[in-house]
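With the first letter of the sequence shown counted as 1, position 33 gets the number 33 in UniProt numbering; the numbers rise by one all the way through.
Note that beta-carbon positions come from the ideal geometry of N, C-alpha and C, so glycine has one too.
Quick caveat, the model's predicted, so the values are computed rather than measured.
Reviewing the structure listed below.
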Amino acid sequence: MMQAQQFSHVVLDWYQRYGRKTLPWQLDKTPYQVWLSEVMLQQTQVATVIPYFQRFMAHFPNVRALAEAPQDEVLHLWTGLGYYARARNLHKAAQTIVAQHGGEFPTTFEEIVALPGVGRSTAGAILSLSQGQHYPILDGNVKRVLARCYAIAGWPGKKEVENRLWEISEEVTPAKGVGQFNQAMMDLGAMVCTRSKPKCELCPLNVGCIANGNSSLGQLPGQKAQANPAGKNRLLPDATTGRWRLAGTATRSWPMGRVILLPAV
């Protein structure tokens, strides 16, 4: 298992050579621009976000402009990006910033995480990327990198799994260069340690990655358990009774030869 100091060193070294540094929101890393980009990037690819970010900045160059815009205009500019609750929360958060902070983007973790639609990871990204403040992050890309490198089994949405990943993120986040490190981790997950067909041969962590070493990449991170597992409503022949039996039960059965209407799932 790779030690925290070595982990951060190789990730930062990789970022200097291969990381993304010229994305539109990286050219002027204000808290407002980082916040806008982080929200847009949730569940959305960078290439898709770029034109939306540029249009938003052209229409709403600062948080006050966003707050004063009609919600219909905000939603119209968001059309096609999906997950519209993000746009509504952006608008609400901008109005909160104007009402409670005089239109100045807040600079403390407690104030930022209290904004509508902002969680711990997004708040950490805003402060680390725009201000260099020491906060770890744990977005989807970072979860995947850490779950594989440290072989953390289970679905990351499960509280105990997420807590363990947060512990690791805190351990490996360096005291210096935190903004570059956090950007590097997001880039690594997006460009190299991808959900399918990860490019392990290009990964700076491949030697110390447990999942790479034991070929468990496909199982990590774990998936959310299905509410209705496959085969739950499957009928099985019971040789003992000569009846059909509903999979997963010992009591529900029907005579063979009958047409059975199973409950919908």
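Pairing Glu171 with Lys159, the inter-Cα distance amounts to about 18 angstroms. By the neighbour-count criterion, in which a residue is buried when 16 or more other Cβ atoms sit within 10 angstroms of its Cβ, Lys199 is exposed.
By the C-beta criterion, the region 93 to 100 is judged to be in contact with the region 62 to 70, since at least 3 inter-stretch pairs fall below 8 angstroms.
Per DSSP, Lys92 is one residue of the alpha helix (DSSP H) stretching across Ala85 to His101. The straight-line gap separating the alpha-carbon atoms of Thr48 and Gly222 is approximately 27 angstroms. Taking 8 angstroms as the cut-off, the beta carbon of Ala94 is found no closer than this to the beta carbon of Ile112.
Taking all protein chains shown into account, Ala211 has 16 or more neighbouring C-beta atoms within 10 Å of its C-beta and is therefore buried. Scanning its chain for C-beta atoms nearer than 7 angstroms, with the 5 sequence neighbours on each side dropped, one finds around Asn62 the residues Tyr32, in chain order. Pro24 places its beta carbon less than 8 angstroms from that of Phe53. DSSP places Ala114 outside any alpha helix (DSSP H), giving it a letter other than H or E.
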